[in-house]
Structure formats: C-alpha cells, structure tokens
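In terms of the UniProt record's numbering, the sequence shown opens at residue 1 and continues consecutively. In what follows, a single structure is set out as structure tokens and then discussed.
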Amino acid sequence: MISSAFAQVLASGRPEFNRRAAEARRRYPGFDMEAFAGLLETSVDGLVQLALERAPDRAGGVAMAVYDVALELVGQGQGGPLAAQVWRELAPRYPALLLAQPARLLGMLTNAALHLERSGAARPAQWLALMAALAPQVGDWQQLAVVGQVCAWRAGMAHFRAGAIEAADALPEALALAAFGVGQGSWNALRTVLLADPWWTADEVERQRAQQGREFGGFSGFGGAFAMPPQVRPAADGFWVRSGDRYNLLVADACGAVLHGATPDEYEQPQAPATRGACSLSGQRLSIGQRQIELTLPAQGLAVTANQHTAAVTSVYSHAILLFPLR
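Structure below.
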C-alpha cells in the first residue's frame with residue numbers, strides 16, 4: 001500500500017494524475033497498470049515523501065514529474081526490478097538534484113543502470129553501491145555524469161576507462177580520488193598510474209587475483225561469447241579476436257572485459273609487433289617476467305600473444321581466452 005502522505009498528494013491532483021495515466025495507456029498499447037501501481041508503491045512513494053520532508057512547497061511538482069517518468073518507464077517496458085531499485089535506493093541519495101530536476105536525475109540514473117544491465121559485461125549492483133557511496137560528495141550535474149562514468153568503468157565497462165580518466169580531470173581532487181577508490185593523495189599522480197597500467201586498481205586483493213589470470217568467453221551454446229575456439233591478435237586497445245567467421249575487439253583491464261564487433265579487415269590488418277620477451281610458453285607453463293603460471297589446458301594447441309599490457313592465452317581445446325597482466 002502507498003503511504004497516507006503520498007495518497008494525499010495523489011488525491012489533491014487526482015484529475016491531472018488520471019488524465020496523464022489515461023494518455024499513457026493510449027500512447028503505449030498494452031500498458032501494464034499492475035506494474036505501474038507496483039512502481040508507485042515501491043519507489044515513487046518514497047521519493048514523494050522525501051520531497052514532502054525536504055521541500056513541502058515543491059512536493060506537488062516533484063510528484064507530478066516522478067509520476068510522468070514512471071508512466072514513460074512502464075510504457076516502454078523498462079519498469080523492472082533494476083529501475084525500481086535505482087529509484088528506491090539510489091535516487092534518494094541525491095536529494096538536492098532530485099528536488100531541483102527530478103525527471104533529469106531519474107532519467108540519468110535509470111538509463112545508466114539499464115545500459116549496464118543490457119551490456120551483459122557490467123555489474124549493475126556494484127555500480128549502484130559505488131554511486132550511493134559517492135553521493136555525499138557530488139555537488140552538481142557535471143560531477144554526477146563524470147562519477148557515473150567512472151563507476152561504470154569500475155563496474156565492468158572496460159572500454160569506458162580512458163574516457164573516465166579524462167573526464168575526472170574536471171572533478172574536485174578529493175572526489176576524483178574517491179571515484180577511483182583512493183582515499184588520499186594527488187590526482188595527477190593517480191592519473192599517471194592509471195594511464196600507465198590498465199590492470200592497476202586501488203584494491204590490492206583484486207590486483208593479486210588478476211595476477212592469476214582472468215577467463216573471458218566460453219562456448220556460445222552455454223551462454224558464452226564464442227561458437228568456435230577463439231584466435232587473437234594484439235591491438236592497441238586490446239585484442240582482435242576471430243571465432244569461426246565472427247570478428248571482435250576485446251577490451252580488458254582490471255575492472256572487466258568487453259567484446260565489441262569488428263571486421264575481417266581489422267583482424268587481418270598489419271599489427272605492431274607483440275611485446276617481445278614479455279611472456280612465453282613452455283609446455284603448460286606460462287612465464288611472465290619472474291612469474292610462473294601452470295595452465296590446466298593441454299600443452300598441444302596452446303598459444304600466447306601480448307599487447308603492451310596484457311598476455312592472452314588461447315587453446316584449440318577451449319572457447320575461453322585467459323588474460324594476464326604483464327606487470
């Protein structure tokens with residue numbers, strides 16, 4: 001059930017709320033009234049109560065704006081559990097922005113979370129947690145957008161890395177450091193470290209885990225990325241990948257791995273020489289500098305190639321790519 005406070009707001013503007021709901025039902029065939037009612041109860045109610053507590057004179061306008069966004073979200077079939085969680089748990093962490101422009105805040109946060117969910121490569125729950133933790137330090141819309149981008153990178157969107165680092169230049173130093181998980185220090189120094197090594201992360205445990213390798217891919221018949229055992233070639237931003245007649249660009253770093261579409265020409269184009277001496281295979285043993293890693297795949301059919309930062313191990317007997325930091 002909705003709260004009595006929200007019920008009073010709805011009652012005070014009932015004709016207009018009803019008109020907008022009827023318009024949404026006409027605009028969106030099959031509009032799910034049950035889902036809409038659920039979103040009102042679980043998520044909109046709390047936002048309206050926040051407005052009533054913080055700025056009672058603006059509560060009616062906030063309620064109408066949030067109601068409109070909820071209608072559009074449900075009409076587009078996007079009012080599922082993740083959107084409801086964003087509205088219920090994350091949006092209230094940004095009260096000043098919510099009260100100033102509720103539709104803008106909900107649109108930014110919801111669209112970002114749904115994009116992460118659709119990517120299949122990201123961890124939306126981690127993004128939500130990071131965004132909630134950083135909320136007290138975010139003071140305006142530009143900061144919100146940049147922090148959202150940095151947190152999306154940390155939550156698995158590896159291809160956001162370079163853009164996130166560049167965008168963070170516009171943040172206050174303390175917020176830039178916090179966004180990348182660092183409590184204190186110099187942003188310029190941290191920026192240098194991040195640009196030099198895509199496998200660096202403030203999480204020491206995660207850095208150590210990455211040294212043991214990260215597996216990416218798997219058989220497409222079981223939900224993985226590749227129908228055939230992949231072959232790789234080094235690229236400036238990752239690895240060109242061929243699996244049967246499909247071609248991709250794999251971008252991977254400390255926070256995740258993302259596969260983009262590519263063409264045969266891109267895969268076949270002349271590449272800069274792979275990093276020499278950085279890694280080698282001897283039977284099932286992979287050597288990276290002083291590190292020795294025993295692989296579980298058969299020695300026959302193993303191959304390793306490297307770009308500037310990463311070694312990629314493939315096998316004719318596996319649909320996965322094993323990724324290892326060179327540092």
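C-beta: ideal position from N, C-alpha, C; glycine also.
Sorted by chain position, which residues of the same chain lie with C-beta nearer than 6 Å to G244's C-beta, five sequence neighbours on each side aside?
These residues qualify, in order along the chain: A227 and M228.
Does V316 pass the burial test, meaning 16 or more other C-beta atoms within 10 Å, or should it be called exposed?
With fewer than 16 other Cβ atoms within 10 Å, it is exposed.
In three-state terms, what does DSSP make of A59?
Looking at A59 - three-state DSSP - the assignment turns out to be helix.
Check W240 in the structure and name its three-state DSSP category.
It is a strand residue.
Could you tell me whether the Cβ atoms of F17 and A24 are closer together than 7 Å?
Not in contact: F17 and A24 (Cβ atoms no closer than 7 Å).
DSSP has V316 in a bridge; who is on the other side?
DSSP lists no partner for V316.
Apart from the five residues just before and just after V258, which ones in its own chain have a Cβ nearer than 6 Å to its Cβ?
Here the set comprises A121, A158, H159 and V251.
In the DSSP assignment, find the beta strand (DSSP E) that holds S186 and state where it starts and stops.
That residue, S186, is in no beta strand (DSSP E); it is neither H nor E in DSSP.
Report yes if the C-beta of Y267 is less than 6 Å from at least one heavy atom of the ligand ZN; otherwise report no.
Absence of the ligand ZN is noted for the structure shown, with no ligands found whatsoever.
Measure the beta-carbon distance from F6 to D68 and round it to whole angstroms, keeping in mind my assumption that it falls under 8 Å.
So it is not a contact: roughly 15 Å between Cβ atoms.
On the premise that L47 lies in contact with A100, defined as a C-beta separation below 8 Å, what is that separation, rounded to the nearest angstrom?
No, A100 and L47 are not in contact; Cβ-Cβ is about 13 Å, not under 8 Å.
Alpha helix (DSSP H) containing Y267: first to last residue?
Per DSSP, Y267 belongs to the alpha helix (DSSP H) from P264 to E268.
Between P264 and the rest of its own chain, which residues show a CB-CB distance below 7 Å, the 5 nearest in sequence each way excluded?
Only Y247 meet the Cβ criterion.
Below 7 Å between beta carbons: does that hold for T314 and P198?
Not a contact, by the Cβ cut-off of 7 Å.
Would you call the CB atoms of E173 and W187 closer than 7 Å?
Yes; because the gap between Cβ atoms is below 7 Å, this pair is in contact.
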